[in-house]
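Letter by letter, the sequence shown follows residues 26 to 971 of our numbering.
Glycine included, every Cβ here is placed at the ideal spot set by N, Cα and C.
For clarity, every value in this text was computed on a predicted model and none was experimentally measured.
Down below is the structure, laid out as structure tokens.
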Amino acid sequence: MSRARAGDSRIAAILGPTNTGKTHLALERMMAHSTGVFGLPLRLLARELYDKVVKAKGSAAVALITGEEKIVPPTARFFLCTVEAMPLDMRPAFLAIDEIQLAADPERGHIFTDRLLHARGTAETLFLGSTTMRPILRHLIPDAEIEERERFSVLTYAGAKKLTKLPRRSAIVAFSSEDVYSIAELVRRQRGGAAVVMGALSPRTRNAQVELYQSGEVDFLIATDAIGMGLNMDVDHVAFASFSKFDGRKRRRLFPHEIGQIAGRAGRFRSDGTFGQTADARPLDVDIIERVENHTFEPVRKLTWRDGRLDLRNLDTLRRSLNTPSPDPVLERVRNAADEHVLDLVSRDSDIRQRAAARDGTARLWDVCRTPDFRKSSPEEHARLVSTLYMHLTSAKGYLPDSWLDAQLTRLAKTAGDVDALAQRLAYVRTWSYAAHRKDWTKDPEYWTSRTREVEDQLSDALHERLTARFIDRRTSALMKGLREKTDLQSGLNSLGEVTVEGHFVGRLNGLSFEADAAGEPLARRAVANAAMKAVRPEVNRLLSQLSQADDADLALGEDGLLNWKDDPVGRLKAGGDPFTPGVDLIGGELGSSELIAQAEKRLMTYAAEQAQARLEPLLDMRKALKEEGRLDGLARGVAYQLVENFGAMSRAKLADELSALSVPERQSLRRAGVRIGEHAVFMPALLKPGAARLLSMLKAVHEGDIERAVNPPPGLTSIPNDRRYTLADYAAAGFQPCGPRAVRLDMLERLADLIRDQRSENKERRFEPNAPMTALLGCSNEDLREVLKALGYRRVQTATEEQPELWAGRSRASTRPAQGGNKPHGKGKGKGPRKDVRAAKPAPAENKPIDPDSPFAALAALELEPPKPAAQKRRKPRKKPKTKPAETPASDAKAEAGDAPTPSTTTAQDSESTASVAPAVTRVEEPQADTQAASDTAETPQERS
26 MSRARAGDSR
36 IAAILGPTNT
46 GKTHLALERM
56 MAHSTGVFGL
66 PLRLLARELY
76 DKVVKAKGSA
86 AVALITGEEK
96 IVPPTARFFL
106 CTVEAMPLDM
116 RPAFLAIDEI
126 QLAADPERGH
136 IFTDRLLHAR
146 GTAETLFLGS
156 TTMRPILRHL
166 IPDAEIEERE
176 RFSVLTYAGA
186 KKLTKLPRRS
196 AIVAFSSEDV
206 YSIAELVRRQ
216 RGGAAVVMGA
226 LSPRTRNAQV
236 ELYQSGEVDF
246 LIATDAIGMG
256 LNMDVDHVAF
266 ASFSKFDGRK
276 RRRLFPHEIG
286 QIAGRAGRFR
296 SDGTFGQTAD
306 ARPLDVDIIE
316 RVENHTFEPV
326 RKLTWRDGRL
336 DLRNLDTLRR
346 SLNTPSPDPV
356 LERVRNAADE
366 HVLDLVSRDS
376 DIRQRAAARD
386 GTARLWDVCR
396 TPDFRKSSPE
406 EHARLVSTLY
416 MHLTSAKGYL
426 PDSWLDAQLT
436 RLAKTAGDVD
446 ALAQRLAYVR
456 TWSYAAHRKD
466 WTKDPEYWTS
476 RTREVEDQLS
486 DALHERLTAR
496 FIDRRTSALM
506 KGLREKTDLQ
516 SGLNSLGEVT
526 VEGHFVGRLN
536 GLSFEADAAG
546 EPLARRAVAN
556 AAMKAVRPEV
566 NRLLSQLSQA
576 DDADLALGED
586 GLLNWKDDPV
596 GRLKAGGDPF
606 TPGVDLIGGE
616 LGSSELIAQA
626 EKRLMTYAAE
636 QAQARLEPLL
646 DMRKALKEEG
656 RLDGLARGVA
666 YQLVENFGAM
676 SRAKLADELS
686 ALSVPERQSL
696 RRAGVRIGEH
706 AVFMPALLKP
716 GAARLLSMLK
726 AVHEGDIERA
736 VNPPPGLTSI
746 PNDRRYTLAD
756 YAAAGFQPCG
766 PRAVRLDMLE
776 RLADLIRDQR
786 SENKERRFEP
796 NAPMTALLGC
806 SNEDLREVLK
816 ALGYRRVQTA
826 TEEQPELWAG
836 RSRASTRPAQ
846 GGNKPHGKGK
856 GKGPRKDVRA
866 AKPAPAENKP
876 IDPDSPFAAL
886 AALELEPPKP
896 AAQKRRKPRK
906 KPKTKPAETP
916 ASDAKAEAGD
926 APTPSTTTAQ
936 DSESTASVAP
946 AVTRVEEPQA
956 DTQAASDTAE
966 TPQERS
């Protein structure tokens, strides 16, 4: 590089705040010359400009030279370098140095000052920097042309903002890796994620992180003050998390021009920018705010300097040349330079002093002492590393041993670990990259350059992945970006119902119900929900449209009141105006359109009604007959009406009065309607089929608003355990009647009565013996059979012995009320057996209320009947205690057995209207004349029985 005198080439200084196009202008000027060298303050910035020039001129014409990276094609004409790595032996036509105000930096300033004073291009030299350098440039380089440029956009102070309130496209600046990481964690939880940029990152990691921000995948950038040194990104707002930093010696507050340099990164080209503070940063003084907004700072009055002409004959001459006093008052000699401090530490070793006694040894020692401390270790530790390097380089071989260097890299080439571990390994690799790029430090520089780059790239990629995983919620960021840009989000649905949006899992679609993934922070859950609203809605609409046209084969009505479509629950029955035509509530589908939802609900209601019509045809046909004249008249109409109201089955005791008054034609009309009048119940045998019985029980429970009241006995069972949570009416709707510990199917109960009747007809004393056919019929044990018989009112009159069988007598004229209520579930401790008889209270006289003309009993009220003759009063004889033995049959029982068929005054073991376990008064009546029609109802043919 030419150390030219003033006048040998055009020297110009382009000064101004950030966003004035200085760097862009210099880049264009360099590419207009045949050759050029551009010195930059950061390795990251050098890499950024290198990539730009490569795109314009091709990789063969561009070189990159930094402390840890060298890409120098043989035909290279344009060199992008860090200021420290600028080639001093070149004579380029164009030369530029960026950020020349760093010549005042206490650590690196002497390097910038040296280039400012001595580096020149043969045709053109440009210095780029802040306007604060104008006076000192005029003093040091009087012939330089100075051009000041105005900022393209306006920079405005926006005050303090919480992290949750920061605008999108904000850069949050902190001054330590710990602060950067903690802020990035917080931003991830509250805003979805952030990219991280620090000077210690490798260019590969830094570029990958910047791309996350520039592409819009994240809206926030957490960075150190490295962004103030020419890194160009689309930042709208800069928020300072602190206004103090550790400068290598002490912690101090930022100078106003440093704040301005960083804040100036807000707003690119013609877009205005803002700056402020966040987190725990104290508010700025008004004076500093005005300076930053107006770009007016105190001029630089001193530059850091060190004589670049070093005497390397020995250590003493080197120290004297390093301590050469400044030739100008504005040039202040560097104090406590890191390389000088390392030189003092390592030269205490006698072996090193001996090897550095001659010029070559001194030059090599000074070269090694200038190795940057990438690891940020203590001066003593860094000095030990420098000593090791120097001893190897001054050994007989004269270079770093391959085995030793390989061991160092092998130890570091591990991609496992967290962010801190990977960052630490990268810092160590940077040291070996620096060594590998020194041509005379290794035996095979090309190999070791490639090897260190390979390890660095592996660690860089791993670090980028860890940073992304730790500080960015990729799913939340992608969903928020898609929602913000109002683009069509790419959604998918697999066979398992898993929904993905932009490739990210967001939940499952079960039927019409979308279950959003609840993992993550509240922001993540909100993003998933919002994305579902936008991306899942078309899928839900498609499913609703298919459901509204679904075939019956794809639909099913479950026992729990759920309507399934292709095995997924899509609807739930609800109470409607008619128990047999329930309403339907869709399960899910909220994301669909209201029109499609209504169509789907209508389809499910139609299906439910069709199922009821198909399975309950006898009951619904009888209800239809009630509305037609001539099909069911008189008392038969009233009985049918009550059966319909009670879902097709009732206790015979509830209809005792009506049944006793039925005429033969009325009984026949009921039989034609499918009604069977049994000994214990009045029911419709066709409704006892499993499908019909379960549907009836479910419809009753749905109509009453409690699906848990639906009785769902397993198909094929003739009796089940009596669960006292269910009422008599619950069991009757399912075709069962509770009898003690068992609930018996109604047709089986009548068949049991047939077996008992057959035995009694062959027994002179009209007694019967419980036997195996009865237990087989009910599918229960002998003990349960005895309890069932007791519940039905039968009495055991003879206990089984070796000589005689167990015998039971017929039902008494009156039996106890049911222990299980008809409308309410039985409570704890109730219903264990019959209670003591209590005298029934005398009912209050009924009021003469008008009869509803639409009632089926209106016809009865219109009949003119002759008043009954008063019955003759007979004096009751006093009751005597029997003198027979307990095993013998009492005389009174023999009289009662003759009339054990149901009579209007008898009751069954359960009563559908009873709401408490109360026993009625005992009443004895004379045995009525046999009713031929009643006998025919009780003893039906085998065809009717089946």
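Query raised in the report: Using the rule of at least 16 other Cβ atoms within 10 Å of the residue's Cβ for burial, across every protein chain shown, is residue 107 buried or exposed?
Result: Working through the sequence shown from its first residue, we reach residue 107 at position 82. Buried: at least 16 other Cβ atoms inside 10 Å.
Query - Rounded separation between residue 621 and residue 674 - CA only - result: Counting from 1 along the sequence shown, the entry for residue 621 is found at position 596. Counting from 1 along the sequence shown, the entry for residue 674 is found at position 649. Going from the Cα of residue 621 to the Cα of residue 674 covers about 39 angstroms.
Requested in this report: List the whole-angstrom C-beta distance separating residue 153 from residue 124, where the pair is believed to meet the contact cut-off of C-beta under 8 angstroms.
Outcome: In the sequence shown, the residue the question calls residue 153 occupies position 128. In the sequence shown, the residue the question calls residue 124 occupies position 99. Sure, about 7 angstroms apart at Cβ, within 8 angstroms.
Report task. Can you give me the Cβ contacts of residue 336 inside the same chain, cut-off strictly under 8 angstroms, excluding the 5 residues immediately before and after it? Result -> On the sequence shown, residue 336 is found 311 positions in, with the first residue counted as 1. Correct list, in chain order: 342, 343, 345 and 346.
Report task. Mind checking who residue 394 pairs with in its DSSP beta bridge? Result -> Reading the sequence shown from its first residue, position 369 is the one you call residue 394. Paired residues: none, contrary to the question.
Query raised in the report: Does DSSP classify residue 304 as helix, strand or coil?
Result: By 1-based counting over the sequence shown, the position of residue 304 is 279. In this structure, residue 304 counts as coil in the three-state DSSP scheme.
Requested in this report: For residue 590, count neighbouring Cβ atoms within 10 angstroms of its own Cβ and tell me buried if that reaches 16, exposed if not.
Outcome: Walking along the sequence shown from the start, residue 590 turns up at place 565. Buried is the call here.
Query raised in the report: For residue 898, which residues from the same chain have a beta carbon less than 7 angstroms from its beta carbon, with the 5 sequence-adjacent residues on both sides left out?
Result: What you label residue 898 is simply residue 873 of the sequence shown in a count that begins at 1. Here the model assigns residue 898 a pLDDT of 49, short of 50, so the residue's position is not dependable and the matter cannot be decided.
Query raised in the report: Three or more C-beta pairs closer than 8 angstroms, one from the region 282 to 296 and one from the region 257 to 264: is that the case here?
Result: yes
Query raised in the report: Just how far apart, CA to CA, sit residue 147 and residue 139?
Result: In the sequence shown, counting from the first residue as 1, residue 147 sits at position 122. In the sequence shown, counting from the first residue as 1, residue 139 sits at position 114. Whole-angstrom Cα-Cα distance: 17 angstroms.
Report task. State yes or no: is the C-beta of residue 381 within less than 8 angstroms of the C-beta of residue 372? Result -> Position 356 of the sequence shown, counted from the first residue, corresponds to residue 381. Position 347 of the sequence shown, counted from the first residue, corresponds to residue 372. A contact, by the Cβ cut-off of 8 angstroms.
Query raised in the report: For residue 605, which residues of its own chain have a beta-carbon under 7 angstroms away from its beta-carbon, when the five flanking residues on both sides are left out?
Result: Here residue 605 corresponds to residue number 580 of the sequence shown, with the count starting at 1. Here the set comprises 637, 641, 645 and 724.
Query raised in the report: Counting along the chain, where does the beta strand (DSSP E) carrying residue 525 start and finish?
Result: Translated into the one-based positions of the sequence shown, residue 525 becomes position 500. First-last of the beta strand (DSSP E) with residue 525: 523 to 526.
Query - Identity of the residue in 204, 284, 699 and 463 nearest residue 389 by Cα - result: Residue numbering aside, residue 389 sits at position 364 when the sequence shown is read from its first letter. The option with the nearest alpha carbon to residue 389 is 463.
**Report entry** Assigned exposure category for residue 623 - 16 Cβ within 10 Å defines buried
**Finding:** Within the sequence shown, residue 623 is the residue found at index 598, counting from 1. By the neighbour-count rule (16 or more Cβ atoms within 10 Å), residue 623 is not buried but exposed.
**Report entry** Separation of residue 747 from residue 679, as counted between CA atoms
**Finding:** For the purposes of this step, residue 679 is taken as residue 654 along the sequence shown, with counting starting at 1. For the purposes of this step, residue 747 is taken as residue 722 along the sequence shown, with counting starting at 1. Straight-line Cα distance between these residues: approximately 21 angstroms.
Query raised in the report: Nearest to residue 145 by CA position, among 115, 486, 158 and 130, is which residue?
Result: Stepping through the sequence shown from its first residue, residue 145 is reached at position 120. Checking every option, the nearest Cα to that of residue 145 belongs to 115.
Requested in this report: Give, in chain order, every unbroken run of the alpha helix (DSSP H) that is at least 4 residues long and sits entirely within the region 320 to 355.
Outcome: 340 to 347
Requested in this report: Could you have a look at residue 641 and say whether DSSP puts it in helix, strand or coil?
Outcome: Within the sequence shown, numbered from 1, the residue matching residue 641 stands at position 616. DSSP places residue 641 in coil when its eight states are reduced to three.
**Report entry** Cβ pair residue 355, residue 326 closer than 8 angstroms
**Finding:** Here residue 355 corresponds to residue number 330 of the sequence shown, with the count starting at 1. Here residue 326 corresponds to residue number 301 of the sequence shown, with the count starting at 1. For residue 355 and residue 326, yes; Cβs fall inside 8 angstroms.
Query - Anticipated Cβ contact below 8 angstroms, residue 830 with residue 794, distance rounded - result: Against the sequence shown, residue 830 aligns to sequence position 805. Against the sequence shown, residue 794 aligns to sequence position 769. With 8 angstroms as the limit, residue 830 and residue 794 qualify as a contact, their Cβ atoms being about 5 angstroms apart.
**Report entry** Straight-line gap, residue 451 to residue 445 (C-alpha atoms, nearest Å)
**Finding:** Within the sequence shown, residue 451 is the residue found at index 426, counting from 1. Within the sequence shown, residue 445 is the residue found at index 420, counting from 1. When rounded, the distance between both Cα atoms is 10 angstroms.
Query raised in the report: For the putative contact between residue 379 and residue 438, defined by C-beta atoms under 8 angstroms, what is the C-beta separation to the nearest angstrom?
Result: Sequence index remark: in the sequence shown, residue 379 carries index 354 (1-based). Sequence index remark: in the sequence shown, residue 438 carries index 413 (1-based). Contact flag wrong, Cβ pair sits at about 36 angstroms.
Report task. Rounded to whole angstroms, what's the CA-CA distance from residue 666 to residue 693? Just pull it up for me. Result -> Mapped onto the sequence shown, residue 666 falls at position 641. Mapped onto the sequence shown, residue 693 falls at position 668. Taking the straight line joining both Cα atoms gives about 16 angstroms.
Query - Nearest candidate by alpha-carbon position, reference residue 816, set 806, 768, 731 and 44 - result: Start at 1 with the first residue of the sequence shown, and residue 816 comes out as number 791. Checking every option, the nearest Cα to that of residue 816 belongs to 768.
Query - Presumed contact (8 angstroms Cβ cut-off) between residue 86 and residue 103, rounded CB distance - result: Within the sequence shown, the letter at position 61 stands for residue 86. Within the sequence shown, the letter at position 78 stands for residue 103. Contact holds; Cβ gap of about 6 angstroms.
Report task. Would you tell me roughly how many angstroms separate the C-alpha atoms of residue 183 and residue 322, rounded to the nearest one? Result -> By one-based count along the sequence shown, residue 183 stands at place 158. By one-based count along the sequence shown, residue 322 stands at place 297. Taking the Cα positions, residue 183 is about 20 angstroms away from residue 322.
Query raised in the report: Anyone know if the C-beta pair for residue 172 and residue 458 falls short of 8 angstroms?
Result: To locate residue 172, count along the sequence shown from 1; it is residue 147. To locate residue 458, count along the sequence shown from 1; it is residue 433. For residue 172 and residue 458, no; Cβs fall outside 8 angstroms.
Query raised in the report: Counting Cβ pairs, one atom from each stretch, are 3 or more of them under 8 angstroms apart for the region 190 to 198 and the region 355 to 365?
Result: no
Report task. Take the Cβ of residue 671 as the centre, count every other Cβ of all protein chains shown within 10 Å, and call the residue buried at 16 or more, exposed below. Result -> As a position in the sequence shown, residue 671 is number 646, starting the count at 1. So residue 671 ends up on the buried side.
Requested in this report: Could you tell me whether any non-hydrogen atom of the ligand NAD is closer than 7 angstroms to the CB of residue 308?
Outcome: Within the structure as shown, the ligand NAD is missing, as the structure has no ligands at all.
Report task. Answer with buried or exposed for residue 1027, where buried requires no fewer than 16 other C-beta atoms within 10 angstroms of its C-beta. Result -> This structure cannot speak to residue 1027, because the chain is shown only from 26 to 971.
Query raised in the report: Does the region 39 to 46 touch the region 154 to 171, meaning 3 or more C-beta pairs lie closer than 8 angstroms?
Result: yes
**Report entry** For residue 317 and residue 9, believed in contact at Cβ under 8 angstroms, the rounded distance
**Finding:** A query on residue 9 cannot be resolved here, the shown segment of the chain reaching from 26 to 971 and no further.
Report task. Please determine, among 593, 800, 449 and 112, the residue with the shortest C-alpha to C-alpha distance to residue 400. Result -> Against the sequence shown, residue 400 aligns to sequence position 375. When each option's Cα is compared against that of residue 400, the closest is 449.
Query raised in the report: What is the DSSP secondary structure of residue 283, counted as helix, strand or coil?
Result: Here residue 283 refers to the residue found at position 258 of the sequence shown. DSSP places residue 283 in helix when its eight states are reduced to three.
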